[in-house]
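Reading through the structure tokens given below for one structure.
Number of protein chains: 2
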Amino acid sequence: MNGFLGTYSVSIDDKGRLNVPAKFKGLLERDSPQLVMCVMDGFLIVFPQREWAANEEKLHHLNAFDKSDRNRLREFYARATECEMKSGKILIPVAQREAAGLKKEVTLVGMSKTFELWAPDRLEKTSK
Amino acid sequence: MNGFLGTYSVSIDDKGRLNVPAKFKGLLERDSPQLVMCVMDGFLIVFPQREWAANEEKLHHLNAFDKSDRNRLREFYARATECEMKSGKILIPVAQREAAGLKKEVTLVGMSKTFELWAPDRLEKTSK
DNA sequence: TAGGATTGTGTCAGAAAGTGTCATAAAGTG
DNA sequence: CACTTTATGACACTTTCTGACACAATCCTA
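Right, here's the structure in full:
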């Protein structure tokens, strides 16, 4: 596989760990299991470390001493958490789980370089 | 053969694998057995990898951080799954089978660069 | 700082999904 | 009609997914 693709319905175990589908697992193992998870507007985006870094790169031109630039930077960083795939699972911290309204069932949507985690009902509303 | 052409009625085995007709097999073996299967409105489209990539190309101008662009990207990627022809068969994952209402019999329609998979009754309704 | 609650980790067994291979049936060809 | 190719169904096997359990680390409060 050479990009995250497709929609998967996966479960979260009692401790909040997501079972990564085998197709994504391969990609992550190869590329590195280091991830950044980012709270978006009602859902979560997961970036492989490398991809996160590439996005960060784009913000380098901002000036940390400029007030509005600084706000944009803060917005970007504040939403993010580092995490990792371990034993084929990704632990989603409590705060993120709540922000995205994730319960037992999660819908995982590949977006090529990244993938998204959705509460099934929210995704359905969005796609209408 | 130099494009997918014609209509075939083929069977799906107990594990959901489609037997690829010999005429398509040749094309796929030459061009690469790597495929992308895409859920459409009641049926499935199968793209050879290369052909899929060409379509993907057209979305490169979209900005993944813009909400409405992101929705369009999601709509595109969420429908897709990578798959592969193995031993002359293509496994159609459960979710896709259900989305297209595929049972034992499948009608396969060549569309030159791609081909479609239909539940026979649905195709019939559509062509009326 | 001891104890308890919460959060995070490793592992495994059973169920479900996916894979390879082959014998036979059906269809196509000269 | 005899022969070759193609399609189908069946079987054994492997991989993946899920839920559960036991345990470790952390944090909070008495």
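Sequence order for the protein chains is A and B.
Residue numbering for the first sequence follows the numbering used here, beginning at 1 and increasing consecutively.
Residue numbering for the second sequence follows the numbering used here, beginning at 1001 and increasing consecutively.
Idealized CB from N, CA, C, for every residue including glycine.
Do we get a CB-CB distance below 7 Å when we pair residue i with the residues of chain A?
i, result
"Ala1080 (chain B)", "yes"
Would residue i pass as a contact of residue j if the rule is Cβ separation under 7 Å?
i, j, result
"Leu1117 (chain B)", "Leu1044 (chain B)", "yes"
"Ala64 (chain A)", "Arg72 (chain A)", "no"
"Ala1119 (chain B)", "Leu1091 (chain B)", "no"
"Lys1089 (chain B)", "Asn1019 (chain B)", "yes"
"Gly110 (chain A)", "Gly6 (chain A)", "yes"
"Leu1062 (chain B)", "Val1046 (chain B)", "no"
"Gly1003 (chain B)", "Arg1122 (chain B)", "no"
"Glu1051 (chain B)", "Lys1113 (chain B)", "yes"
In chain A, which residues lie with their C-beta within 9 Å of the C-beta of residue i?
i, result
"Glu1075 (chain B)", "Ser127"
"Asn1055 (chain B)", "Ordered by position in chain A, no residue passes the 9 Å Cβ test against Asn1055 (chain B), which lies about 12 Å from the chain."
"Asn1071 (chain B)", "Thr126 and Ser127"
Please list the partners that residue i has in chain B, where partner means a Cβ-to-Cβ separation under 9 Å.
i, result
"Lys23 (chain A)", "Thr1081 and Glu1082"
"Met37 (chain A)", "By Cβ distance, chain B contributes nothing, its closest Cβ being about 16 Å from Met37 (chain A), past 9 Å."
Answer yes or no: does any C-beta atom of chain B fall closer than 7 Å to that of residue i?
i, result
"Val10 (chain A)", "no"
"Met1 (chain A)", "yes"
Taking only three categories from DSSP, how would you classify residue i?
i, result
"Val1020 (chain B)", "coil"
"Pro48 (chain A)", "strand"
"Lys1089 (chain B)", "strand"
"Leu102 (chain A)", "coil"
"Ala1080 (chain B)", "strand"
"Leu62 (chain A)", "coil"
"Pro1068 (chain B)", "Here the sequence assigns Ser to residue 1068 (chain B), which means Pro is not the residue at that position. Here Ser1068 (chain B) sits in helix by DSSP."
"Leu27 (chain A)", "helix"
"Leu1108 (chain B)", "strand"
"Leu117 (chain A)", "strand"
Mind listing the chain B neighbours of residue i? Cutoff is C-beta to C-beta under 7 Å, in chain order.
i, result
"Ser68 (chain A)", "The contacting residues do not exist; Ser68 (chain A) stays about 17 Å from chain B at best."
"Gly110 (chain A)", "Tyr1077"
Residue i versus chain B: which residues are under 8 Å apart at the beta carbon?
i, result
"Leu5 (chain A)", "Val1036, Tyr1077, Ala1080, Thr1081 and Glu1082"
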